[in-house]
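Undergrad:
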Amino acid sequence: MAGRGEGADKKKRSWIWIAGIGILIAVVAFLLLNGKDSDSGVPTLMIETPQKLSASKRDEFVLDVTISDLGEARYPAMSMSVSFDVSRLEFLGIEEGNVFILNGENSLGQQLPDWSCDVKNSNETGMINIMYLDMTGGKYAFSKELLAEEDNVVLRLRFRLRGSVRKGDILELNFEDAVFAASNESESLAITTDTLKTKNGRLVIGE
Amino acid sequence: MRRRFSFLWAFIILISLCACQGNFGSVNLQDAIQIPEGGIIEENVIRQLKSENAIGMFYGQSNGLKYEWTIFGSDIAETKDIKLEVTIDEVKDREINVTLSQDGSFGFYGLLSIHLTEKWAENSATAYQNEQPVISVSLTGGKNKTILNCNLDGSLKSFVIKPDALSEEDSVSKETEDDTEESTKDQYLTDPIPEGKPKPVEPENQEVDKRKTYTCTFSIECSTILNNLEQLDPDKLEMVPSGGVILPQTKVTFYEGESVFDVLQRVCKEHGIHMESSWTPIYNSAYIEGIHNLYEFDCGSLSGWMYHVNGWYPNYGCSRYQLKDGDVVEWRYTCDLGNDVGRGMN
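From first to last, the protein sequence lines stand for chains A and B. Sequential numbering of the first sequence, starting at 15, is according to the working numbering. Sequential numbering of the second sequence, starting at 14, is according to the working numbering.
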């Protein structure tokens, strides 16, 4: 009787092992296959590509500038330069996004960055230069802790098509430069050091 | 016991299948998707694009050149596997050979954007097949790079992209940029001013004195459109007044030092006439894009707004023309680069 019981125990144990390994395989498969793109290690700053725009509509439209992630540092300054075709597109200004900055030394969130941007100059030069600078040295910095799971809109760009736009035109909103500056420069995220990727926005003019 | 474990195994397999389905059955269309080896984008992804009316971005690289496809879900008529892999070679200087791996049509148009690492001076390019032009290619890009954009449905298997020749106007401005010798044009590309005509006054040097007021006459008309209605954008027909007159000759008051542009802005505002302009640094002047919702190119590729002061079409922008007492200013819509409004008589 004792031998039979031992055999049953062994069987039970091996079934438990098999089940355990099976669960482990399932969990690993789930994590691997549902995980984010392996390429997403480097944060990406992206301008939204909207649905096709109509050449005959001169309504304002807004494009989100999103960030996929940030590094572990705190970033008290951020700047970006976006070039655009002034002959076919009018830049109207920036709107707030939903990415907060640290609110003082110890508390989190609930404060949006105060961006600076010269709209008139942007429309003269075809280059939108946008900057945020925390003058306190880091109390009001961007931080990974304040990012949501997705849809992290740093800010929004407001535009209107000019009368010269025609069906079939393609307009590019091109990142010329972008930096999330950390107080320790080696921790900054920048296009020039390949620590920040960018993805341009593209406007396709339809009917 | 065995039944219980069988049930557990079935559960594990189900979870694994769900995980796989989560990845292969649908994709996150918010992210740019790398074109896999072999270039095939499966039908389920195309179906997802269509059903979500999403915008798909697919990217790849060939011989060091990055390319990406932008596909609008709204353009997709039929769904099937498609091959988005592209081979790109620079066969000669500024001749880009493009070969698609797709056999036959995608069933919709996608936008292929090829990123070049150099800046092309030209504004447009053309794709050729057997030396015959097949499609036009739009050029975008920033300060130091060019992006070639072409709308393709996959049926054009192989083609060569070459830049179009610079237009005369572009050549002139390029030559001017390149020319280190003394030029007859001023720094804002203005030809010499005919004798007896007022010289331009740069906007930054204009001093408006509101203590001194004068009068001039302003009018805005677009009667040339009436002779070219077949060229007019049909949506704009209702904007054209029956006699072509948007603002009849009107006496207006202005301050010393004001430009034609300053007064045009005020007149349009006072009379509730729509006007849109843009600043053109190269000419140091505002450019009038549209008045009364009639824009340049609305009545053919040679159409747009011109201004005329005391019988002369100034050869510089309206922000640089400083008004004098008694000036007669006429804004006219041309459908033929000024030839139909007497510019050739200047």
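Every residue, glycine too, gets a C-beta built ideally from N, C-alpha and C.
Taking the alpha helix (DSSP H) that R60 (chain B) falls in, what are its first and last residues?
TA: Within the second sequence, numbered from 1, the residue matching residue 60 (chain B) stands at position 47. Taken as a continuous stretch (DSSP letters only), the alpha helix (DSSP H) holding R60 (chain B) covers 56 to 65.
Undergrad: Check for me: the beta strand (DSSP E) holding K223 (chain B) runs from which residue to which?
TA: Position 210 of the second sequence holds residue 223 (chain B). From DSSP, the beta strand (DSSP E) with K223 (chain B) extends over 222 to 234.
Undergrad: When the Cα atoms are used, what is the spatial distance from G220 (chain A) to Y154 (chain A)?
TA: Here residue 220 (chain A) is taken as the residue at index 206 of the first sequence, counted from 1. Here residue 154 (chain A) is taken as the residue at index 140 of the first sequence, counted from 1. If you take the alpha carbons of G220 (chain A) and Y154 (chain A), they lie about 42 Å apart.
Undergrad: What is the rounded straight-line gap between the Cα of V341 (chain B) and the Cα of T266 (chain B)?
TA: As a working mapping, residue 341 (chain B) is identified with position 328 in the second sequence. As a working mapping, residue 266 (chain B) is identified with position 253 in the second sequence. Computed Cα separation, rounded: 12 Å.
Undergrad: For the region 166 to 188 of chain A, which residues have a beta carbon sitting closer than 8 Å to at least one beta carbon of chain B?
TA: The region 166 to 188 of chain A vs chain B, Cβ under 8 Å: R176, G177, S178, R180, G182, D183, I184, L185, E186, N188.
Undergrad: I'd like to know whether the C-beta of R27 (chain A) is nearer than 9 Å to at least one C-beta of chain B.
TA: Taking the first sequence and counting its residues from 1, the one referred to as residue 27 (chain A) is at position 13. It does not; no Cβ of chain B falls within 9 Å.
Undergrad: My output table needs one value for R27 (chain A): the three-state DSSP class, helix, strand or coil.
TA: Residue mapping note: residue 27 (chain A) aligns to position 13 of the first sequence, counting from 1. R27 (chain A): helix per DSSP, three-state reduction.
Undergrad: According to DSSP, is L169 (chain B) part of a helix, a strand, or is it coil?
TA: In the second sequence, the residue the question calls residue 169 (chain B) occupies position 156. It is coil, neither helix nor strand.
Undergrad: Under 9 Å, Cβ to Cβ, is there at least one residue of chain B near E74 (chain A)?
TA: For the purposes of this step, residue 74 (chain A) is taken as residue 60 along the first sequence, with counting starting at 1. Output row for E74 (chain A): interface = no.
Undergrad: Taking the alpha-carbon positions, what's the V100 (chain A) to I39 (chain A) distance?
TA: Position 86 of the first sequence holds residue 100 (chain A). Position 25 of the first sequence holds residue 39 (chain A). So the two alpha carbons sit approximately 55 Å from each other.
Undergrad: Quick one: measure Cβ to Cβ for L161 (chain B) and I127 (chain B), integer angstroms, because I've assumed they're closer than 8 Å.
TA: Position 148 of the second sequence, counted from the start, is the residue given in the question as residue 161 (chain B). Position 114 of the second sequence, counted from the start, is the residue given in the question as residue 127 (chain B). About 4 Å separates the two Cβ atoms, so the contact holds.
Undergrad: In the DSSP output, what is D311 (chain B) paired with across the bridge?
TA: One-based indexing of the second sequence puts residue 311 (chain B) at position 298. DSSP output for D311 (chain B) lists B:G313 as bridge partner(s).
Undergrad: Given a threshold of 16 other Cβ atoms within 10 Å of its Cβ, counted over all protein chains shown, does L203 (chain A) qualify as buried or as exposed?
TA: For the purposes of this step, residue 203 (chain A) is identified with residue 189 of the first sequence, where counting begins at 1. Counting Cβ neighbours within 10 Å, L203 (chain A) comes out buried, since at least 16 surround it.
Undergrad: Please report the distance separating the alpha-carbon of L239 (chain B) from that of V76 (chain A).
TA: Here residue 239 (chain B) corresponds to residue number 226 of the second sequence, with the count starting at 1. Here residue 76 (chain A) corresponds to residue number 62 of the first sequence, with the count starting at 1. One C-alpha to the other measures close to 37 Å.
Undergrad: Measuring only the C-alpha atoms, how far is D73 (chain A) from G34 (chain A)?
TA: As a working mapping, residue 73 (chain A) is identified with position 59 in the first sequence. As a working mapping, residue 34 (chain A) is identified with position 20 in the first sequence. The straight-line gap from Cα to Cα measures roughly 59 Å.
Undergrad: What in chain B is Cβ-close to K66 (chain A), meaning under 8 Å?
TA: Within the first sequence, residue 66 (chain A) is the residue found at index 52, counting from 1. Within 8 Å Cβ-Cβ: F85, S87.
Undergrad: Examine the ligand GTP and report whether any of its heavy atoms sits within less than 8 Å of the Cβ of N136 (chain B).
TA: The model depicted lacks the ligand GTP and carries no ligand whatsoever.
Undergrad: Could you compute how far the alpha carbon of S171 (chain B) sits from the alpha carbon of E309 (chain B)?
TA: On the second sequence, residue 171 (chain B) is found 158 positions in, with the first residue counted as 1. On the second sequence, residue 309 (chain B) is found 296 positions in, with the first residue counted as 1. About 36 Å.
Undergrad: I want to verify the contact list: residues of chain B whose CB lies under 9 Å from the CB of N137 (chain A), in sequence order.
TA: On the first sequence, residue 137 (chain A) is found 123 positions in, with the first residue counted as 1. Here the neighbours are S291, W292.
Undergrad: Please classify T347 (chain B) as buried or exposed, where buried requires at least 16 neighbouring CB atoms within 10 angstroms.
TA: In the second sequence, counting from the first residue as 1, residue 347 (chain B) sits at position 334. T347 (chain B) comes out buried.
Undergrad: Measure the alpha-carbon distance for L336 (chain B) versus I295 (chain B) and round it to whole angstroms.
TA: Looking up residue 336 (chain B) in the second sequence gives position 323. Looking up residue 295 (chain B) in the second sequence gives position 282. Each residue's Cα considered, the two are about 22 Å apart.
Undergrad: Taking L147 (chain A) as the reference, give the member of A:L171, A:R176, A:F173, A:A195 with the closest Cα.
TA: Along the first sequence, read from residue 1 onward, the residue named residue 147 (chain A) stands at position 133. For L147 (chain A), the nearest C-alpha among the options comes from A:A195.
Undergrad: Between the C-alpha atoms of D106 (chain B) and Q244 (chain B), what's the straight-line distance to the nearest angstrom?
TA: For this step, residue 106 (chain B) is matched to residue 93 along the second sequence. For this step, residue 244 (chain B) is matched to residue 231 along the second sequence. Whole-angstrom Cα-Cα distance: 39 Å.
Undergrad: Hey, is V133 (chain A)'s beta-carbon within less than 9 Å of any beta-carbon in chain B?
TA: The count along the first sequence starts at 1 and reaches residue 133 (chain A) at position 119. No, its Cβ sits nowhere closer than 9 Å to a Cβ of chain B.
Undergrad: Drop a sphere of 10 angstroms on the beta-carbon of S64 (chain B), count the other beta-carbons inside from all chains shown, and report buried for 16 or more, exposed for fewer.
TA: Taking the first residue of the second sequence as position 1, residue 64 (chain B) is located at position 51. S64 (chain B) comes out exposed.
Undergrad: In whole angstroms, what separates the C-alpha of V133 (chain A) from that of M141 (chain A)?
TA: Position 119 of the first sequence holds residue 133 (chain A). Position 127 of the first sequence holds residue 141 (chain A). So the alpha carbons of these two residues sit roughly 10 Å apart.
Undergrad: Rounding to the nearest angstrom, what Cα-Cα distance links S87 (chain B) and G85 (chain A) in this structure?
TA: Taking the second sequence and counting its residues from 1, the one referred to as residue 87 (chain B) is at position 74. Taking the first sequence and counting its residues from 1, the one referred to as residue 85 (chain A) is at position 71. If you take the alpha carbons of S87 (chain B) and G85 (chain A), they lie about 36 Å apart.
Undergrad: Along the chain, where does the beta strand (DSSP E) containing L171 (chain A) start, and where does it finish?
TA: As a working mapping, residue 171 (chain A) is identified with position 157 in the first sequence. Counting along the chain, the beta strand (DSSP E) containing L171 (chain A) begins and ends at 167 to 175.
Undergrad: Within 10 Å of its beta-carbon, does P213 (chain B) have 16 or more other beta-carbons around it, so buried, or fewer, so exposed?
TA: As a position in the second sequence, residue 213 (chain B) is number 200, starting the count at 1. Buried, since its Cβ has 16 or more Cβ neighbours within 10 Å.
Undergrad: Closer than 6 Å by C-beta to G303 (chain B): which residues in its own chain qualify, once you throw out the five before and the five after it? Chain order, please.
TA: If you number the second sequence from 1, residue 303 (chain B) lands on position 290. Taken in chain order, the residues that qualify are E289.
Undergrad: Work out the CA separation of A67 (chain B) and A90 (chain B) for me, nearest whole Å.
TA: Taking the first residue of the second sequence as 1, we reach residue 90 (chain B) at position 77. Taking the first residue of the second sequence as 1, we reach residue 67 (chain B) at position 54. Cα-Cα distance, rounded: 14 Å.
Undergrad: Between the alpha carbons of Y326 (chain B) and D338 (chain B), how many angstroms are there, rounded?
TA: For the purposes of this step, residue 326 (chain B) is taken as residue 313 along the second sequence, with counting starting at 1. For the purposes of this step, residue 338 (chain B) is taken as residue 325 along the second sequence, with counting starting at 1. Rounded to whole angstroms, Y326 (chain B) to D338 (chain B) spans 18 Å at the Cα level.
Undergrad: Give the DSSP bridge partners of G263 (chain B), in chain order.
TA: Residue mapping note: residue 263 (chain B) aligns to position 250 of the second sequence, counting from 1. Note that residue 263 (chain B) is Thr in the sequence shown, not Gly. Answer by DSSP bridge pairing, in chain order: B:F231.
Undergrad: Can you list, in chain order, the residues of its chain whose CB lies under 8 Å from that of L106 (chain A), leaving out five sequence neighbours each side?
TA: What you label residue 106 (chain A) is simply residue 92 of the first sequence in a count that begins at 1. E74, V133, R172, F173, R174, listed in sequence order.
Undergrad: Pull up the CB-CB distance for S136 (chain A) and K156 (chain B), whole angstroms please, since I reckon it's below 8 Å.
TA: In the first sequence, residue 136 (chain A) corresponds to position 122, counting from 1. In the second sequence, residue 156 (chain B) corresponds to position 143, counting from 1. At roughly 15 Å, the Cβ-Cβ gap does not stay under 8 Å, so S136 (chain A) and K156 (chain B) are not in contact.
Undergrad: What does the alpha-carbon distance come out to for the pair D51 (chain A) and I46 (chain B)?
TA: Here residue 51 (chain A) is taken as the residue at index 37 of the first sequence, counted from 1. Here residue 46 (chain B) is taken as the residue at index 33 of the second sequence, counted from 1. For D51 (chain A), the pLDDT reaches just 44, beneath the cut-off of 50, and the residue's location in the model is therefore unreliable, although a value from the coordinates is still provided. Between D51 (chain A) and I46 (chain B), the C-alpha separation is close to 9 Å.
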